[in-house]
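Below is one structure, written out as structure tokens; comments come after it.
Numbering (our numbering), first residue to last: 25 to 227.
What follows is the structure, encoded as structure tokens:
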């Protein structure tokens, strides 16, 4: 998968977009307003500085990543020709429902949808789309260039070939894929972190 749409240019959305662009993908960042796009561009400039520090990125690598990025407030235009859409819109069920209905109306039938939702399972979201077989969750951690795990959650409706394609995509953008064997709120890492946090608070 070469052509990527990241929907939502907030903290994680902008990181996902930059990580993908840094590893050679052609990325469009979609958001709902010019102000949101401007904010996303500013965030990405900040991530570039972090890549210089943490990953020792060169000027050529930074410039190449920026050249792989475009921005749009037009969803139909943004999704045109894309292999995968990574949704990183606000963590609100009504917002996600509205977004997926709009996206389903304009995306090509073969385009894969992946949600970065941190709290909602695949089965809670795939019914909002026209393609449950091409839908899964692809969850990233903050500072993904350092915390480079990609948790992948599927439903019983997800096509196994779609799962394999997304696992391969995650590796291609420098991530370590963690494929879950069942749907679980909190995924793997948050589910493991919870007991440790509770124990620490009890000390």
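Each residue gets a CB set at the ideal place from its N, CA and C atoms; glycine is no exception.
In this structure, does DSSP put residue 57 in helix, strand or coil?
Correct three-state label for residue 57: coil.
Closest residue to residue 102 among 65, 187, 68 and 55 (Cα-Cα distance)
Of 65, 187, 68 and 55, the residue nearest in Cα terms is 55.
Return the first residue and the last residue of the alpha helix (DSSP H) that residue 163 is part of.
Per DSSP, residue 163 belongs to no alpha helix (DSSP H); it is in the beta strand (DSSP E), 159–164.
Could you check the C-alpha separation between residue 197 and residue 80 for me, to the nearest Å?
Taking the straight line joining both Cα atoms gives about 17 Å.
Name the residue from 47, 49, 65 and 209 whose alpha carbon lies nearest to the alpha carbon of residue 163.
Closest by alpha carbon: 209.
So which of 35, 44 and 38 has the shortest CA-CA distance to residue 28?
Residue 44 is the option with its Cα nearest to residue 28.
Measure the C-alpha to C-alpha separation of residue 52 and residue 107 and round it to an integer number of angstroms.
Near 11 Å, if we compare the C-alpha coordinates of residue 107 and residue 52.
For residue 206, count neighbouring Cβ atoms within 10 angstroms of its own Cβ and tell me buried if that reaches 16, exposed if not.
Exposed, by the Cβ-count rule.
On the premise that residue 159 lies in contact with residue 193, defined as a C-beta separation below 8 Å, what is that separation, rounded to the nearest angstrom?
The Cβ separation is near 15 Å, so there is no contact.
Other residues of its chain near residue 71: CB distance less than 7 Å, five sequence neighbours each side excluded:
Cβ within range, chain order: 38, 39 and 42.
Would you kindly report the start and end of the unbroken alpha helix (DSSP H) that includes residue 88?
Residues 83–91.
Measure the beta-carbon distance from residue 135 to residue 178 and round it to whole angstroms, keeping in mind my assumption that it falls under 8 Å.
Not really, about 17 Å apart at Cβ, beyond 8 Å.
Which residue spans inside the region 89–159 form an unbroken alpha helix (DSSP H) run of at least 4?
As far as the region 89–159 is concerned, its whole alpha helix (DSSP H) runs of at least 4 residues are 99–103, 117–130 and 146–149.
Buried or exposed (CB count within 10 angstroms, at least 16 for buried), residue 156
By the 10 Å Cβ count, residue 156 comes out buried.
Go ahead and label residue 119 buried or exposed: buried means 16 or more other beta carbons lie within 10 angstroms of its beta carbon, across all protein chains shown.
Exposed, by the Cβ-count rule.
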